[in-house]
Amino acid sequence: MINKIVESIEAAVADIADGSIILIGGFGTAGMPFNLVDALLAQGARDLTIVSNNAGNGETGLAALLKAKRVRKIICSLPRQTDSHVFDGLYRAGEIELEVVPQGNLAERMRAAGAGIGAFFCPTGYGTLLAGDRETRVIDGRNHVLEYPIHGDVALIKALKSDRWGNLVYRKTARNFAPVMATAARVTIAEVSEIVELGALDPEAVPTPGIYVQRVVRVDAKMAVAA
Amino acid sequence: MINKIVESIEAAVADIADGSIILIGGFGTAGMPFNLVDALLAQGARDLTIVSNNAGNGETGLAALLKAKRVRKIICSLPRQTDSHVFDGLYRAGEIELEVVPQGNLAERMRAAGAGIGAFFCPTGYGTLLAGDRETRVIDGRNHVLEYPIHGDVALIKALKSDRWGNLVYRKTARNFAPVMATAARVTIAEVSEIVELGALDPEAVPTPGIYVQRVVRVDAKMAVAA
Amino acid sequence: MQRMTREQMAARVAIDIPDASYVNLGIGLPTLVANALPKDCEIILHTENGLLGMGPAPAKGKEDWDLINAGKQPVTEVPGSTFFHHADSFAMMRGGHLDICVLGAFQVSEQGDIANWHTGAPDAIPAVGGAMDLAIGAKKTWIMMEHVTKDGQHKLVKQCSYPLTGKSCVSRIYTDLAVVDVTKDGFVAIEIIPGLSLEELSNLTGAALRDGRAEK
Amino acid sequence: MQRMTREQMAARVAIDIPDASYVNLGIGLPTLVANALPKDCEIILHTENGLLGMGPAPAKGKEDWDLINAGKQPVTEVPGSTFFHHADSFAMMRGGHLDICVLGAFQVSEQGDIANWHTGAPDAIPAVGGAMDLAIGAKKTWIMMEHVTKDGQHKLVKQCSYPLTGKSCVSRIYTDLAVVDVTKDGFVAIEIIPGLSLEELSNLTGAALRDGRAEK
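Chains as they are written, first to last, in my numbering: chain A, 292 to 518; chain B, 292 to 518; chain C, 41 to 256; chain D, 41 to 256.
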């Protein structure tokens, strides 16, 4: 029998190794798996590479992980925000490595990792600093840049509901990166507000089939606050 | 006001030009837009390139279009089937051009067309006849083949329901290629069993947002029969 | 002459958005266009964090922090809206399905290059968000910005001095002084605010400016 | 010796599929494995036309032609199943998320190459379907086929003479005579049916065959 429900959030993150590449869902606070990030902080893994849209807000969640010096490198589209002072300080002090990736490339590169695409050409970023020394090619008269997949060792994501097979559904724009990250990581761990019976989810409306999810833990929702 | 509902199926296909590339949904008979294909036959466009998983079954639908000599070329994964005699005859007589594409590449190449990807490397077909003289590259120790998008002038697809914005939902495995083709064509025309009020579809469960659909026509369902 | 207010600029942009368009309004100034859209039109707003059919801000106290826009402000959904994940959302943009994208900018060049993500200052932390995807994704990329900086520097320029966001992608610029098309022959003013001459506008523009006004 | 029947072959394959596996069973012989899966296990079947959680064939008269498998036969859905479109379905396969794919074949080489889509006959109409994606997509690709052709030709060979479906992708072969692993040192028999010696099996095999049986 398949049962991906893990009883404690500590157990869910227990085996995350030092040096792992961790994909963390969320766009601002929407869809941010605060409980899992807190559990990762408590767990103690270090020398992490974090892939997430932002580089932490305020003092909690990802910002707390940064503040505790657990993160070697961050790959994101928008590190600088009004409340990204923890990241800003580390970056200016040279204590964290940063790779800025256009948001669409961030999503598409993780999609490629999940879909078995070895690399892809796309126009985004052509002729800009962020294309760096990447290979370029004119296709159909348009300039393209070659982009490679971003694979994760672990994805930490938040969903609304799950069944014991790990089928996940989301709520509104809190969906954002989670379904893509779930496909791109070897181990995907989801925190959810509700566990439902197998068969209770509409099979026509499951953005993340359970094949992409290894562990699910039910949490009491933390109140999301403005970014 | 946006209203993509077209009153007659003849009007829906009226402007399809000779020489068009037509993406036709369906896997066997599931999701096959029989009414639109019949309307295209009646409309008279010729010298068409058809992109579809199969090359027609029996004497109806796509097979009828082939039989009427409207199709110059077909791009598909599985032309030969137990009941593909119309195609088989034309092919053996040298009266139709065939490009066989692995089914996953067929889907991914249309996805690329819809997603603004100029080309992508993937392992499927490496070292086989179907890789032909395509560019290859070793990425991460694995052999890959470079594949290009398949764009359509028109997509003909079948869905279960639509609203006047063209938001489409499907039924079970009749979904298959339709959402991908809708993104890959300049003009997507959908036949549906039911038109619903705007707002009646669950916004969390719409595989094809209306932005990908230009015209919708309601039809009485034809009984699907075994392939 | 009287410079246009931000609201007037938004109203001016809104006039040019056809009914039934799919539109993405960038963070900052372009966001104001949403309030100026004609009520008798259906213009469908895309926000790249996964919603097509974005509605106005909710009433105070009705905020839902699972329903936000790309600027991370609470929004609403309209009937007919759809949610999707980030890769699907950017595929929608990057695949050329949006009719219009309206962006703010630091600089726009006469080739249609845009710089809007980075001042190039040595101590700046780079942060691009979706800007590079937005710049090149839509069928038309429009810019909405002041004609010159607060201290009078040109923002319409021969070559962007700031790091580029995208090359040759801007087709039109709406400023507080004019509407300027970006053509293969460079900048063409198609509207200028009352009381300002083409010559005066040219002096505020860092590249050649041709006159393309229907009525002169 | 008594060759295994098709049902016995299916039962033998089923034994090796762990509980909680995600599996794609190819068209033809592998389809029989579905009936042989242990009832006390949850093994989730994928069909590449857009369903994860495929159930058995429906009762006669209960066919739903919107609910079919890759062989276009009516199937059912089990509780917990999910539907998705073709690109998502092949991404699931090509991205390496399926644990096991079981395929039929014309030939398998000692390098693990598979030929199963085309006889190479000059009048044959090529038709590949999902075979090339299936061959290289899953974590493990297993083959289920007769050990030799009806007229006694080898199907386990040094080099495939038929056009390839995929290179170096097969890890194990289940035949009516044996279970053969494909290793970097070539074919290794890990089981042989009673009454057949390794030497006899070797004569029916078109490449070197090593003995890997735990009990000899």
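Note that CB positions come from ideal geometry on N, CA and C, so glycine has one too. This one's a predicted model, so the numbers in the text were calculated from it and none came from an experiment.
One alpha carbon belongs to MET133 (chain D), the other to ASP454 (chain A), and they sit about 22 Å apart. In chain order, MET41 and LEU217 place their CB closer than 7 Å to the CB of LEU236 (chain D), counting only its own chain and leaving out the 5 sequence neighbours on each side. If you check each beta-carbon in the region 395 to 415 of chain A against every beta-carbon of chain D, the ones closer than 7 Å belong to GLY405, ALA406 and GLY407.
For the 8 Å CB-CB criterion, GLU438 (chain A) and ARG462 (chain A) do not form a contact. Inter-residue distance for GLY68 (chain D) and GLY144 (chain D) is about 7 Å (C-alpha atoms, whole angstroms). When the alpha-carbon of ALA330 (chain B) is set against those of B:ALA403, B:LEU489 and B:ILE300, the nearest one is in B:ILE300. Proximity of LEU91 (chain C) to chain A, defined by a Cβ-Cβ separation below 8 Å, is satisfied.
Between ALA303 (chain A) and ARG506 (chain A), the beta carbon gap of about 5 Å places them in contact (Cβ cut-off 8 Å). Taking 9 Å as the upper bound on Cβ-Cβ separation, chain B lies near residues GLU117, VAL118, PRO119, GLY120, SER121, THR122, PHE123, PHE124, ALA127, ASP128, PHE130, ALA131, MET132, MET133, ARG134, GLY135 and GLY136 of the region 116 to 136 of chain C. In summary, MET172 (chain C) is buried, with 16 or more beta-carbon neighbours lying within 10 Å of its beta-carbon over all protein chains present. Taking all protein chains in view, the Cβ of PRO494 (chain B) is crowded by 16 or more other Cβ atoms within 10 Å, so the residue is classified as buried. Residue pairing of ILE230 (chain D) in beta bridges, as defined by DSSP: absent, with no partner found. With a threshold of 16 other beta carbon atoms within 10 Å, ILE55 (chain D) falls short and is exposed.
Near chain B, meaning a CB-to-CB distance below 8 Å, the residues of the region 419 to 440 of chain A are ARG428, ILE430, ASP431, ARG433, HIS435 and TYR439. Within the same chain, PHE123, PHE124, HIS125, HIS126 and SER129 come within 7 Å of GLY90 (chain C) by CB-CB distance, once the 5 residues on both sides are set aside.
Interface residue (Cβ-Cβ distance to chain A less than 8 Å): GLU495 (chain B) is classified as such.
Close to chain C, meaning a Cβ-Cβ distance shorter than 7 Å, are the following residues of the region 353 to 370 of chain A: SER368, LEU369 and PRO370. The three-state reading of DSSP puts ILE55 (chain D) in helix, counting H, G and I together. Between PRO119 (chain C) and GLU103 (chain C), the C-beta spacing is not below 8 Å. In the three-state reduction of the DSSP assignment, MET94 (chain D) falls in the strand class.
Taking a Cβ-Cβ cut-off of 7 Å, the neighbours of ARG466 (chain B) in chain D comprise GLY90, PHE123 and HIS125, given in sequence order. For ARG253 (chain D) and ASN294 (chain A), the gap between their C-alpha atoms comes out near 35 Å.
Burial check for GLU117 (chain C): the Cβ neighbour count within 10 Å reaches 16 or more, so the residue is buried. For THR189 (chain D), the CB contacts under 7 Å within the same chain, skipping 5 residues up- and downstream, are LYS195 in chain order. Approximately 6 Å separates the beta-carbon atoms of ARG46 (chain D) and LEU72 (chain D); this is inside 8 Å, confirming the contact. Close partners of GLY380 (chain A) in chain D (Cβ separation under 9 Å) are lacking, with about 38 Å as the shortest Cβ gap.
The three-state reading of DSSP puts GLY405 (chain B) in helix, counting H, G and I together. DSSP places ALA354 (chain B) outside any beta strand (DSSP E); the residue lies instead in the alpha helix (DSSP H), whose first and last residues are 353 to 358. Neighbours of ASP173 (chain C) across chain A, judged by C-beta separation under 8 Å: PRO393, GLN394, GLY395, ASN396 and THR415. As for any alpha helix (DSSP H) of minimum length 4 sitting wholly inside the region 360 to 419 of chain A, the runs are 376 to 383 and 394 to 406, ordered along the chain. For LEU381 (chain B) and LEU241 (chain D), the gap between their C-alpha atoms comes out near 45 Å.
Residues of chain D with a Cβ closer than 8 Å to the Cβ of LEU489 (chain A) are, in chain order, PRO119 and GLY120.
For SER242 (chain D), the enclosing alpha helix (DSSP H) begins and ends at 238 to 243. For ILE293 (chain B), the chain C residues whose Cβ falls inside 7 Å of its Cβ are ALA60 and GLU82, in order along the chain. Neighbours of LEU204 (chain C) in chain A, taken as residues at a C-beta separation under 7 Å, are given in chain order as GLY418 and THR419.
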